[in-house]
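Take the sequence shown: its letter number 7 is residue 7 in the UniProt record's numbering, and every next letter is one higher. The beta-carbon is built from N, C-alpha and C at its ideal position, and this holds for glycine as well.
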Amino acid sequence: MSKAQLTVLVGPTAVGKGTVVAALTQRYPNLKVSVSATTRDPRPGELNGVHYFFVSPREFESMVQRGDMLEWALVHGRNRYGTPRGPVDESLEAGVPVLLEIDLAGARQVRENRPESQFIFLAPPSWEELERRLVGRGTEGPEERERRLATARVELGAASEFDHVVINDDIDRTVDELARLIGLE
Ligand code: 5GP
């Protein structure tokens, strides 16, 4: 069986990655979305092993030292997030397409390690719309929002590094476009 494709999806805070990826996996159960490890605390409703593997800074460091991470990064200057290598490779070997939803620094590492991967940037229709979505979801206070918007500015500036830029203007249209690019249709 030929090896399946690895797709990396990057998008700024509040662009709607979570919603888009949830809709994609619901429609295409064959797509494997990698579960990242993170040092941040779970939010209400988040489950260990489902949304993330919630690990201590020490456990995270051992995973990095053992070479278990395909990539990892300090995100928003606060917590570390990384992609465990094993499950990604097992799926790809089994012919299952894999999606990584990671930050820009992580995507750049994957470009170094796995240049054959496909890189997609999910963009908001406008900067104002991004700010509106971030305030609207109400999960971050003003300080954390500012931190996330600062990261978002940098990420938007790097959109041209990606193979494709998909504008998340309408969830169904966006899911259709991503499915086509990932080869799920
Ligand atoms: P959140 O804390 O809102 O769940 O995620 C914050 C950011 O961390 C998101 O923008 C997401 O792309 C990034 N992220 C999640 N998992 C990983 C990962 O495994 N590696 C990297 N580099 N970034 C990640």
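- Remark: C-beta atoms of L122 and V20 approach each other more closely than 9 Å.
- In the three-state reduction of the DSSP assignment, F54 falls in the strand class, which pools E and B.
- Three or more beta-carbon pairs separated by less than 8 Å are not found between the segment 127–137 and the segment 28–45, which leaves the two stretches without contact.
- The distance from the Cβ of T174 to that of L99 is about 14 Å, inconsistent with a contact at the 8 Å cut-off.
- By the neighbour-count criterion, in which 16 or more other beta carbons inside 10 Å mark a residue as buried, K32 falls on the buried side.
- Looking at L9, T13 and A23, the one whose alpha-carbon comes closest to that of L149 is T13.
- Shown here, P97 sits in coil according to DSSP, grouped into three states, outside any helix or strand.
- Cβ-Cβ distances below 7 Å link P125 to I167 and D169 in the same chain, with the five nearest sequence neighbours on each side left out; the list follows chain order.
- Assignment of K3 by DSSP, reduced to helix, strand and coil, places it in the coil class.
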